Ligand code: GLV
Ligand code: MN
Ligand code: MN
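Residue numbers (the numbering used here): 2 to 436.
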């Protein structure tokens, strides 16, 4: 890809000396991560926490209780984004924020998102124990539904916070059982006007998200931390393929307009389009394939696909989508089926901020940990926070690059390094005076 790792411009002014006594209670934090993993819709070690489900609500209660113990004040908005605040010495200054998500896709593990929420809390407690007094408030944010599991769209809470999904669009969202977002959020206890979720650019001074890498590079290279400079642009399409059904024994092959056979070609066309860029950062996946009527002796008449296409270069990502659509049109004409597309989301990539990156890099230098710059091919709430505030992300390694699986694992040493650097970075950002 093009040069994604240019030198950082350091525009920090009056950066405060780091507090000397940074001591992460890693045993306590690992116990909290384990306790949160136990709050799941599935049997341990599988973690499943779908937004507004019973496990999601219990997990939120657990995080809020820990935050109250740490003396943080709590605000929840009408979509359930939760802001846990350590008041700074100057209440008029915008807050420095950190955080991530605790919802988990079906059959997930214990660390995705959670390391940024509980690790963010531990970073705050670490600074409290060190006797640090922030000048700006420090806010821990738990974002609603970073995962697209329930409503088909990722980063729901941060997307609405950034104004990238309107209240009207949100109100039209439904889950697979046909339950609407309005109904589900009210039952979960989140009422009030959805328009109030959107925050002004400048509401936060800066935002730093700690997250597991979800890829193999850091572990493979024996590094303790990754400094994310860019977050790839995700797009998701729903594809409906309508052919003609019939008896699997009696319908002649020459007469068929098999929707699933057409879908197979469309899936392979997406794979070919994603590979055709020759870039490591281009990826395309069909993760959902629903076949109607789904009987072994019935020719499929209808197929619904859900695709996920990403790239660090938004224009290149759009080129893959265009190639997919043109291949699908050819398949439709040749096979006599109808193929239609619905765009679920098509988001631009995000670039991390030079000053926040510089604060991270200074903190890494102070801590003595090893690190490299990298891009995030997964999306994160930072993708949308970047529209509201200067943003950067810090990655910890995860074993084998495995994520979105029950065997996802990050070691206490890796997590402790991430929390230490996050704490030092929050200390710097909450001490200095750029607006
Ligand atoms: C987030 O979980 C993603 O799919 O990148
Ligand atoms: Mn995830
Ligand atoms: Mn995540």
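Just so it is clear, CB atoms sit at the ideal spot from N, CA and C, and this is done for glycine as well. Being a predicted model, the structure only gives us computed values, none of them experimental.
query: If we ignore side chains and look at the alpha-carbon of each, how far apart do residue 49 and residue 280 end up?
result: Position 48 of the chain shown, counted from the start, is the residue given in the question as residue 49. Position 279 of the chain shown, counted from the start, is the residue given in the question as residue 280. Between residue 49 and residue 280, the C-alpha separation is close to 33 angstroms.
- prompt: Got a list of residues with beta-carbon closer than 5 angstroms to any non-hydrogen atom of ligand 3, in chain order?
  reply: Applying a distance threshold of 5 angstroms between residue Cβ atoms and the heavy atoms of ligand 3 selects 113 and 114, given in chain order.
- request: Mark residue 291 as exposed unless 16 or more other C-beta atoms lie within 10 angstroms of its C-beta, in which case mark it buried.
  value: Looking up residue 291 in the chain shown gives position 290. Exposed: under 16 other Cβ atoms inside 10 Å.
message: Am I right that residue 101 and residue 348 are in contact with their C-beta atoms under 8 angstroms? What's the rounded C-beta distance?
response: Here residue 101 refers to the residue found at position 100 when the chain shown is read from its first residue. Here residue 348 refers to the residue found at position 347 when the chain shown is read from its first residue. The beta-carbon separation of residue 101 and residue 348, rounded to 18 angstroms, does not stay under the 8 angstroms limit for a contact.
query: If we cut at 7 angstroms on Cβ distances, does residue 159 have a partner in chain C?
result: Among the chains in the structure shown there is no chain C, since it carries only a single protein chain.
- prompt: What does residue 343 pair with, by DSSP beta-bridge criteria?
  reply: Your numbering for residue 343 matches position 342 in the chain shown. Looking at the DSSP assignment, residue 343 forms a beta bridge with 239.
message: Given a cut-off of 7 angstroms on the beta-carbon distance, is the pair residue 256 and residue 244 in contact?
response: Position 255 of the chain shown, counted from the start, is the residue given in the question as residue 256. Position 243 of the chain shown, counted from the start, is the residue given in the question as residue 244. Here residue 256 is not near residue 244, since their CB atoms are 7 angstroms or more apart.
field: Residue(s) in a DSSP beta bridge with residue 100
entry: If you number the chain shown from 1, residue 100 lands on position 99. Paired residues: 142.
query: If you compare alpha carbons, which of 32, 91, 108 and 25 is closest to residue 45?
result: In the chain shown, residue 45 corresponds to position 44, counting from 1. Ranking 32, 91, 108 and 25 by Cα distance to residue 45 puts 108 first.
- prompt: Per DSSP, residue 87 is paired with what?
  reply: Working through the chain shown from its first residue, we reach residue 87 at position 86. Its beta-bridge partners are 139.
Per-residue DSSP class, three states only, for residue 188: Residue numbering aside, residue 188 sits at position 187 when the chain shown is read from its first letter. Reduced to three states, the DSSP call for residue 188 is helix.
Same chain, Cβ closer than 8 angstroms to residue 250, five either side skipped, listed in chain order: Residue 250 sits at position 249 when you count from the first residue of the chain shown. Counting only Cβ-Cβ distances below 8 angstroms, and skipping sequence neighbours, we find 298.
query: Just to confirm, are residue 67 and residue 86 a CB contact at a threshold of 7 angstroms?
result: If you number the chain shown from 1, residue 67 lands on position 66. If you number the chain shown from 1, residue 86 lands on position 85. Going by beta carbons, residue 67 and residue 86 fall outside the 7 angstroms limit.
message: As an exercise, report each continuous beta strand (DSSP E) stretch of at least 3 residues that is fully enclosed by the stretch 223 to 268, in chain order.
response: As far as the stretch 223 to 268 is concerned, its whole beta strand (DSSP E) runs of at least 3 residues are 226 to 232 and 234 to 243.
query: Any idea what DSSP makes of residue 395, helix, strand or coil?
result: Sequence index remark: in the chain shown, residue 395 carries index 394 (1-based). In the structure shown, residue 395 sits in a strand (DSSP, three-state: E or B).
- request: Report yes if the C-beta distance between residue 112 and residue 409 is below 7 angstroms; otherwise report no.
  value: What you label residue 112 is simply residue 111 of the chain shown in a count that begins at 1. What you label residue 409 is simply residue 408 of the chain shown in a count that begins at 1. The answer is yes: Cβ separation under 7 angstroms.
- prompt: Quick one: is residue 221 buried, meaning 16 or more other Cβ sit within 10 Å of its Cβ, or exposed?
  reply: As a first step, residue 221 is located in the chain shown; it is residue number 220 there, counting from the start. Exposed, because fewer than 16 other Cβ atoms sit within 10 Å of the Cβ of residue 221.
field: Runs of alpha helix (DSSP H) lying entirely within the stretch 311 to 337, each at least 4 residues, in chain order
entry: Entirely contained in the stretch 311 to 337, the alpha helix (DSSP H) runs reaching 4 residues are, in chain order, 315 to 336.
- prompt: Looking at residue 274 and residue 241, is the spacing between their C-beta atoms short of 7 angstroms?
  reply: The residue labelled residue 241 in the question sits at position 240 within the chain shown. The residue labelled residue 274 in the question sits at position 273 within the chain shown. No, the Cβ-Cβ distance between residue 241 and residue 274 is not below 7 angstroms.
query: What span of residues does the beta strand (DSSP E) with residue 48 cover, start to end?
result: Counting from 1 along the chain shown, the entry for residue 48 is found at position 47. Following the DSSP letters along the chain, one finds residue 48 inside the beta strand (DSSP E) bounded by residues 48 to 50.
- prompt: residue 125 to residue 24, Cα distance in whole Å?
  reply: Here the question's residue 125 lines up with position 124 in the chain shown. Here the question's residue 24 lines up with position 23 in the chain shown. Going by the C-alpha atoms only, they are around 11 angstroms apart.
- prompt: Buried or exposed: where does residue 173 fall if 16 or more other Cβ atoms within 10 Å of its Cβ makes it buried?
  reply: Locating residue 173 in the chain shown gives position 172, where the first residue counts as 1. That one is exposed.
message: Are there any heavy atoms of ligand 1 lying less than 6 angstroms away from the beta-carbon of residue 251, as far as the coordinates show?
response: Translated into positions along the chain shown, residue 251 becomes position 250. No, the Cβ of residue 251 stays beyond 6 angstroms of every heavy atom of ligand 1.
- prompt: Taking Cβ to Cβ, would you say residue 364 is nearer than 7 angstroms to residue 422?
  reply: Taking the first residue of the chain shown as 1, we reach residue 364 at position 363. Taking the first residue of the chain shown as 1, we reach residue 422 at position 421. Yes, Cβ-Cβ distance for residue 364 and residue 422 is below 7 angstroms.
- prompt: Are the beta-carbon atoms of residue 130 and residue 432 separated by less than 7 angstroms?
  reply: The residue labelled residue 130 in the question sits at position 129 within the chain shown. The residue labelled residue 432 in the question sits at position 431 within the chain shown. Against a cut-off of 7 angstroms, the Cβ pair of residue 432 and residue 130 comes out as no contact.
- request: Consult DSSP for residue 401 and reduce its assignment to one of helix, strand or coil.
  value: As a first step, residue 401 must be located in the chain shown, where it is residue number 400. Reduced to three states, the DSSP call for residue 401 is helix.
field: Assigned exposure category for residue 212 - 16 Cβ within 10 Å defines buried
entry: For this step, residue 212 is matched to residue 211 along the chain shown. Per the 10 Å Cβ criterion, buried.
- request: Answer yes or no: the CB of residue 236 versus the heavy atoms of ligand 1, is any distance below 6 angstroms?
  value: Counting from 1 along the chain shown, the entry for residue 236 is found at position 235. No.
message: Just to check my reading of the structure: residue 52 and residue 104 have Cβ atoms closer than 8 angstroms, yes? What is that Cβ distance to the nearest angstrom?
response: One-based indexing of the chain shown puts residue 52 at position 51. One-based indexing of the chain shown puts residue 104 at position 103. Right, their Cβ atoms sit about 5 angstroms apart.
message: Whole angstroms are fine: how far does the CA of residue 301 sit from the CA of residue 271?
response: In the chain shown, residue 271 corresponds to position 270, counting from 1. In the chain shown, residue 301 corresponds to position 300, counting from 1. Between residue 271 and residue 301, the C-alpha separation is close to 21 angstroms.
- request: Using only alpha-carbon positions, find the residue among 62, 127, 268 and 92 that is nearest to residue 446.
  value: The question about residue 446 has no answer, for the chain in this structure spans 2 to 436.
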